[in-house]
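Asker: Chains as they are written, first to last, in the numbering used here: chain C, 526 to 766; chain G, 526 to 766. From the three backbone atoms N, C-alpha and C, an ideal C-beta is built for every residue, glycine too. First the structure, then my questions, so here it is.
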């Protein structure tokens, strides 16, 4: 395979494996792709748009970009151009994350994430989408597992596919098997790397610390991270507490 | 509480919590305590002997020391004296770990552990014991979980209590909630610290590396290690893979 397309091929293959393994797409699915403009969600949008051309099961897709009141300008123009060039229809949805804060409450990641998620679900249900696709990758998933184990005393993370019980809707994470370095390589290969939006509140220092610690733990080995990922589906209750 | 008895009280309390939480001892139990002469198993033997005087449920105990053909002298004299001084009956059992190796096979931790475990179970069943008590502590358990996650892609570890399906026998780990530093402090407090036997084949370098990595991950925090331990009994399958 030509080395110039190496990263794209690898990411496409890994997402294909994930999508097949977890049966992420069903006939007639309407997929709402959450795009921030960062490398992960843009990789996801591009990958789903490419797959749509040949994937055995038909699906529709729309990219949804949530615009918040703390980064109203962000990278909308660039985002729109890029999505347009891939023929991905897209909409922007304004969510006043700060505006919804109760008086005296400070902005935080949890609040912001909850607001975004709520709007995403609301939009998906109102517009008849059946899947919400998120750009989380292997490192995000392993990090979340470790955050929950170390700080919450819980084994839980981000499953590659989660069906809502209350709604005819599921969250899918097609990049679940992709290492962040592979996504970074893909984005560089395609040359749309620089648009990662910077959150002015980006202070989830615990997550950053965990990312660094995990790098020490695994030595950056994708194989070891995959093993950790695999362990999430190989739970031996009788050998746990 | 007088500080001179601090470590003993702490270890005794933590093992009490573990023994109650996991219902480790039942009326009339005959407990076979595996003692190597190292700090962990000696702490366990001492703790179980002390608890026997007041524990609401009666149990018998015997300390079993496995003598291998690669460390035949070890610390038997010291071990016997110590156990004797605590009024713990004890026996030594010879297991030719090297002698049983198939020709051309090298000695390794897995082989040795399997041989010891087999003999322990055989002895327990033959002599009518109902519980095998092992000295594994919090760090051992967390380390094992991480070894299995990173190298085997499996979430499994050492449960505080495991019942054999085939035998009327269970393995219990009363020190499951004790941090190694707490055991070390106890052993120093009691002044029987120096007898840790050194295995001439002690080369489980992956475990040592994991121990060091876990120290980095948790910063040595007992609270974080406890959270990891707790996560083993708070598994959310729908948020895993």
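Using a C-beta cutoff of 9 Å, does residue 678(G) count as contacting chain C?
Answerer: Yes, residue 678(G) counts as interfacial toward chain C.
Asker: Please list the partners that residue 664(C) has in chain G, where partner means a Cβ-to-Cβ separation under 7 Å.
Answerer: The contacting residues do not exist; residue 664(C) stays about 15 Å from chain G at best.
Asker: Under the rule that 16 or more other beta-carbon atoms within 10 Å means buried, what is residue 584(G), buried or exposed?
Answerer: It counts as buried.
Asker: Report back the beta-carbon spacing between residue 666(C) and residue 701(C) to the nearest angstrom; my notes put them in contact at under 8 Å.
Answerer: Contact holds; Cβ gap of about 6 Å.
Asker: Since residue 736(C) and residue 679(C) should fall inside the 8 Å C-beta cutoff, what is the C-beta to C-beta distance between them, to a whole number of angstroms?
Answerer: Not confirmed; about 19 Å, so no contact.
Asker: Give the C-beta separation of residue 757(G) and residue 766(C) to the nearest angstrom, bearing in mind that I take them to be a contact with Cβ-Cβ under 8 Å.
Answerer: The Cβ separation is near 4 Å, so the contact holds.
Asker: Mapping the DSSP letters down to three states, classify residue 656(G) as helix, strand or coil.
Answerer: In the structure shown, residue 656(G) sits in a strand (DSSP, three-state: E or B).
Asker: Measuring only the C-alpha atoms, how far is residue 686(G) from residue 691(C)?
Answerer: Distance between the alpha carbons of residue 686(G) and residue 691(C) is about 37 Å.
Asker: Would you say residue 589(G) and residue 615(G) are within 9 Å of each other, going by their C-beta atoms?
Answerer: It is a contact, given that the beta carbons lie within the stated cut-off.
Asker: Are residue 712(G) and residue 575(G) closer than 9 Å when you measure CB to CB?
Answerer: No, the Cβ-Cβ distance between residue 712(G) and residue 575(G) is not below 9 Å.
Asker: Identify the contact partners of residue 753(G) in chain C, using a Cβ-Cβ distance below 8 Å as the criterion.
Answerer: By Cβ distance, chain C contributes 674, 675, 678.
Asker: Can you round the beta-carbon distance between residue 655(C) and residue 694(C) to whole angstroms, since I take them to be within the 8 Å contact cut?
Answerer: So it is a contact: roughly 6 Å between Cβ atoms.
Asker: Closer than 8 Å by C-beta to residue 533(C): which residues in its own chain qualify, once you throw out the five before and the five after it? Chain order, please.
Answerer: So the qualifying residues of the chain are 711, 714, 715.
Asker: Which residues in the same chain have their Cβ closer than 6 Å to the Cβ of residue 587(C), if we skip the five residues on either side of it in sequence?
Answerer: For residue 587(C), where only same-chain residues beyond five positions count, the Cβ hits under 6 Å are 557, 614.
Asker: Less than 9 Å between the beta carbons of residue 754(C) and residue 663(C), yes or no?
Answerer: The answer is yes: Cβ separation under 9 Å.
Asker: I'd like to know whether the C-beta atoms of residue 699(C) and residue 608(C) end up nearer to each other than 9 Å.
Answerer: Their beta carbons are not under 9 Å apart, which means residue 699(C) does not touch residue 608(C) by this criterion.
Asker: Any beta-carbon of chain C closer than 9 Å to the one on residue 711(G)?
Answerer: Closer than 9 Å: no.
Asker: Should residue 543(C) be labelled buried (16 or more other beta-carbon atoms within 10 Å of its own) or exposed?
Answerer: When all chains shown are included, residue 543(C) counts as buried.
Asker: So with CB distances below 8 Å, who are the chain G contacts of residue 687(C)?
Answerer: 763, 764, listed in chain order.
Asker: Any beta carbon of chain C sitting closer than 9 Å to that of residue 741(G)?
Answerer: Yes, its Cβ sits closer than 9 Å to a Cβ of chain C.
Asker: So is residue 759(G) in contact with chain B if we call contact Cβ pairs under 9 Å?
Answerer: Going by chain labels, chain B is absent from the structure shown, which instead holds the protein chains C and G.
Asker: Are the CB atoms of residue 632(G) and residue 671(G) nearer to each other than 9 Å?
Answerer: Against a cut-off of 9 Å, the Cβ pair of residue 671(G) and residue 632(G) comes out as no contact.
Asker: Threshold first: 4 residues or longer. Then list the alpha helix (DSSP H) segments lying entirely within the segment 597–684 of chain G, N to C.
Answerer: Within the segment 597–684 of chain G, the complete alpha helix (DSSP H) runs of at least 4 residues are 601–610, 634–651, 663–672.
Asker: Which value, in whole angstroms, describes the spacing of the CA atoms of residue 601(C) and residue 643(C)?
Answerer: Residue 601(C) and residue 643(C): Cα-Cα distance of roughly 21 Å.
Asker: Between the C-alpha atoms of residue 527(C) and residue 747(G), what's the straight-line distance to the nearest angstrom?
Answerer: Confidence at residue 527(C) is low in this model, with a pLDDT of 43, below 50, so its placement is unreliable and the value that follows should be read with caution. Approximately 51 Å, taken between the alpha carbons.
Asker: Please check if any C-beta of chain C sits within less than 9 Å of the C-beta of residue 695(G).
Answerer: By this cut-off, residue 695(G) is not an interface position.
Asker: Under 9 Å, Cβ to Cβ, is there at least one residue of chain G near residue 738(C)?
Answerer: So yes, residue 738(C) belongs to the interface.
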